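Same order as they appear, the protein sequences are chains A and B. Here the working numbering is used: the first residue of the first sequence is 4, the next is one more, and so on. Here the working numbering is used: the first residue of the second sequence is 329, the next is one more, and so on. Don't be surprised by glycine CBs; every beta carbon is placed ideally from N, CA and C. Being a predicted model, the structure only gives us computed values, none of them experimental. Step one of this worksheet: look at the structure below.
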Amino acid sequence: MLGYLTKRLASAVPVIIGVTLLVFLMLHMVPGDPAEQMLGEMAVDKTAVANLRQQMGLNDPLAVQYGHFLGNILHGNLGTSMLAHRSVMDMIGKVLPSTFYLTLAGLGVAIVLGTLLGIAAAVRQNTWLDTSSMVLALLGVSMPSFWLGLLLVFTFSLRLGWFPATGSGGWERMVMPAFTLGFGAAAVIARLVRASMLEILRLDFIRVARAKGLSEHRVIYRHALKNALIPVLTMVGLEFGRLLGGTVVIETVFARPGIGRLIVDSILKKDFQVVQGAVLLSAVFYVAINLLVDMSYALIDPRIRYQ
Amino acid sequence: MRRRIVGSLLTAAVALSVTACGGGNSTGDSAQGASGAPQQGGKLIVGMQYEPVTLDPHVTGQANGIRIILNMCDSLVYADDKGQVQPWLAESWEANPEGTAYTFHLKKDVKFSDGTPFNAQAVKFSWDRIMDPKTASQSAISALRPYKESQVVDDSTLKVTLSEPSAIWLKNLGAATTAPVSPAAVQKLGDQFGRSPVCVGPFKLKEWKEKESVTLVRNPDYNSPSPAFGQKGAPVLDEVTWKFIPENQVRFSTLETGETNAIEDVPAPFVANVKADPQKYTLLNVPYPGSPRQYMINTKQFPTDDIAVRQAILYGVNTKAIIKTLYADAFPDGNGPMGAATWGASKGIFRELYPQGADKANAVLDQAGWKPGPGGIRVKDGKRLEIVVNVMSDVPEYGELGQLLQAQLRDVGMDLKLKSLSRSPWYASNAKGDYNITGMGLWSTDPDMLKSLYRTDGSVFTWSHFTNPDYDKLVDEGARTSDPTKRLEIYKQAQEIVMKEALVLPIYDQVNLLATQSNIKGIFFDANAYPHFYATYYVKK
């Protein structure tokens, strides 16, 4: 197990380096001079542009600039916001917990809702329950989340007054954003669970379990579900990344603090240092989560051994 | 969306001339105030679209930042509704005849909100801080120029030297961006000062929740409001919170649900909803001083180097239809080179000279020798009447406007080509002048903006690329003259030249749209049309 962990950790290193390279190049792929982009209308002042280029080290060769960039990252320094004059680390640190909770809550919604819908559809295959579950799943996959978010605000804030539309803190402000975020992933998981369950419910060991006289409840939840969950778990790992990306939209719609909102605001203001830092950290989380998911296979399926 | 365009040009506007408190627009009072008794205390929650980057008045270059800051930071002077400079934290001042040296006499017994004394040393410290390149001031530095240095005579007297005379320097001191800050707080907080600024003002910072809200709390010791507020002592409200809600629909919804008590930048499509329910809401629409949202017409590039083409554009564009289609009639018609609310604006000059009508546009073009050609596009000397429009792709509004112009001007035989450019190349192209028309808007409280926009090398915004020695002489004189009557006459002539030469196509006058619940009164709008909540209160319904 330990050996596998080391190997997996080592294999994550090239991924992270690739990410740093992309994030670094992002600044240079923006059309036009980065310094001019940042200065906006003030870029007409050529001395200001020259000063900023100097300050940002843009006159150095690309490789040297990348070296500095990597060195800073290793020291935990993601740079300073050009506009706010604050450390990017500090800015991210202030909003990260909020995004983390939102993603977890969204994932919770996705897993619980997805699994329940999937099981219902599989167990009652070809009934109205199956059809409506899958129609719901289709909606979830195809509905843009900002639209779902606006619909929820309209219905549950404006018409019914159940939940506040904006802000963070307290479960009542979490319900709508988490549901909006998790709904799309729930749909994916539901379809997967259904397919996986249908396959497993036809296998011999289920027939044996039923023949032993076990209750249907026990057959489904203890025997079938546990086996059906392996592919789902992989999907959850992938979906986590999608959810993390989805917070960009959700945080903007529901006016929640978070790393997605920070990225959007910073892009609008051309505060590239902040965009770089936030994207880099998000990528690192994504890699870390996938690692955790791989590790957790063993907990669910003892047949999987790490070498 | 509108805010972003305006916001993108804010720095420019401030660079020209920004004065903070003044004006005379106040809600409540007379008519509305009578409906209920004022309540002491209460909390006001205002929905604002975007979170400001910093609340350091000396650093910020953003309108949304300044809107919060001016509720915490008093200035030395303010501009009243006649555009005249009035005393605020400075009780009085003298200037030398050349206008290069000022002596300020400051109010005594005034304290910063951290309890440290407000004095001449603090003003000197603040202004030197603005000029210090390390501060990286984005707007205050433009307002303070041509400030050179200052000398503390005693605690309440400050002598200031300018590097050259300026008729608008004193007025610029009304900008909240040049407000004095507490030197003790700057030293203590360092680069965190922008997160919790300390000024002299009715409110002080209580909490800034990152990407969520900023809350100011009542300063009980406040004793220095400007006379314009018509109120003395500490503010009525206990707290004012700005919540940052980027999504237009959601921001409007929070006003309906009561999560906010007021929202800034009411999206145009919702203006009708607010107006429809006066029992519940009050719509405050206060025109911004400065230019309308407008298109500058390039006089140096074919075919707009032909005045007939420029005039035909002005006749041919149906601005009323544009305002109806894109903005649900929320904005008034473009006034002229300056919005109608700007001091010194010649009211209605645009449509007086150029009544809208395709027939008039066609007549001008026919007369100038532009004959209808293939596909309905006019031709002269074998060249098609093609107009290149620079469109800033970062701002969707410019694209929508461009398409409407394209459709409208096709009817008079012009072929508009929309050239989409991202922000930086857009500025570069405007400076270079390889286009025919380009959209913009500028905030400014002083007609000196006419110099910045149309004088030869007047600023970086002379996108009509107009050169006329008589005009240059006129606006230079305006900048030197301090007598308001003379200035009015000068700028009247300047506006006439701009319109007769057809240098600009005004689309609509920019308006600050603020919606509140109807039981909120006493919001004061300054000369910049920015709201102050010092004298704001709730009435019992």
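- One alpha carbon belongs to Val222(A), the other to Ile209(A), and they sit about 7 angstroms apart.
- In this structure Ala636(B) is in contact with Gln695(B), their Cβ atoms being roughly 7 angstroms apart against a cut-off of 8 angstroms.
- Cα atoms of Lys532(B) and Arg808(B): separation of roughly 38 angstroms, rounded to the nearest angstrom.
- Here His220(A) is exposed: its Cβ has fewer than 16 other Cβ atoms, across all protein chains shown, within 10 Å.
- Contact between Gly644(B) and Val488(B) fails: their C-beta atoms lie close to 50 angstroms from each other, not under 8 angstroms.
- With 16 or more other Cβ atoms inside 10 Å of its own Cβ, Trp536(B) counts as buried.
- Ile233(A) has its alpha-carbon roughly 17 angstroms from the corresponding atom of Ala190(A).
- Think of a sphere of 8 angstroms around the beta carbon of Ala464(B): the chain A residues whose beta carbon falls inside it are His88, in chain order.
- Taken atom to atom, the span from the alpha-carbon of Leu8(A) to that of Gln57(A) is near 43 angstroms.
- Fully enclosed alpha helix (DSSP H) runs of no fewer than 4 residues occupy 178-204 of the stretch 165-213 of chain A, in order along the chain.
- For Gly109(A), not one C-beta of chain B is nearer than 8 angstroms to its own C-beta.
- Taking the beta carbon of Gly280(A) as reference, no residue of chain B falls within 8 angstroms; the closest one sits roughly 14 angstroms away.
- The beta carbon of Arg751(B) is closer than 7 angstroms to those of Met720, Asp722 in its chain, skipping five residues each way along the sequence.
- Identification of residues in the stretch 155-178 of chain A having a C-beta nearer than 8 angstroms to some C-beta of chain B yields Val156, Phe157, Ser160, Leu161, Gly164, Pro167, Ala168, Thr169, Gly170, Ser171, given in sequence order.
- Only Arg264, Leu265, Asp268, Lys272 from the stretch 262-287 of chain A bring a Cβ to less than 7 angstroms from some Cβ of chain B.
- With fewer than 16 other CB atoms across the displayed protein chains lying within 10 angstroms of its CB, Phe630(B) is exposed.
- Within its own chain, the residues whose Cβ lies closer than 8 angstroms to the Cβ of Asn62(A), once the five positions on either side in sequence are excluded, are Arg56, listed in chain order.
- Separation of Arg706(B) and Ile641(B) (C-alpha to C-alpha, rounded to the nearest whole angstrom) is 13 angstroms.
- Under the 8 angstroms criterion on CB atoms, Val115(A) is classed as non-interfacial with respect to chain B.
- With a threshold of 16 other beta carbon atoms within 10 Å, Ile203(A) meets it and is buried.
- Ranked by Cα distance from Asp268(A), the options Ile651(B), Trp754(B), Glu540(B) are led by Glu540(B).
- The DSSP-derived three-state label of Val564(B) is coil.
- In this structure, Gln823(B) and Pro665(B) form a Cβ contact; the two beta carbons are roughly 5 angstroms apart against a cut-off of 8 angstroms.
- In chain order, His31 place their CB closer than 8 angstroms to the CB of Leu65(A), counting only its own chain and leaving out the 5 sequence neighbours on each side.
- Take Gly369(B), set aside five residues on each side of it, and the residues of its chain with a beta-carbon closer than 6 angstroms to its own are Asp566, in chain order.
- Cβ contact annotation for Thr485(B) (same chain, cutoff 8 angstroms, sequence separation greater than five): Thr431, Phe432, His433, Leu434, Ala448, in chain order.
- Two segments are said to touch when three or more pairs of C-beta atoms, one from each, lie closer than 8 angstroms; by this definition the stretch 614-634 of chain B does not touch the stretch 809-816 of chain B.
- Classified as exposed, Gly676(B) has fewer than 16 neighbouring CB atoms from the shown chains inside 10 Å of its CB.
- Counted as a single uninterrupted DSSP element, the stretch harbouring Leu404(B) is not any beta strand (DSSP E), since DSSP gives it neither H nor E.
- The Cβ-Cβ distance between Phe557(B) and Ala855(B) does not fall below 8 angstroms.
- For Val839(B), the three-state secondary structure derived from DSSP is strand.
- Counting the other Cβ atoms within 10 Å of the Cβ of Asp274(A) gives 16 or more, which makes it buried.
- Short of 6 angstroms from the beta carbon of Glu242(A), and not among the five residues preceding or following it, lie these beta carbons of its own chain, in chain order: Ala188.
- Boundaries of the alpha helix (DSSP H) around Thr134(A): 131-145.
- In this chain, the alpha helix (DSSP H) harbouring Glu824(B) covers 812-828.
- Identification of residues in the stretch 536-559 of chain B having a C-beta nearer than 9 angstroms to some C-beta of chain A yields Lys537, Glu538, Lys539, Glu540, Ser541, given in sequence order.
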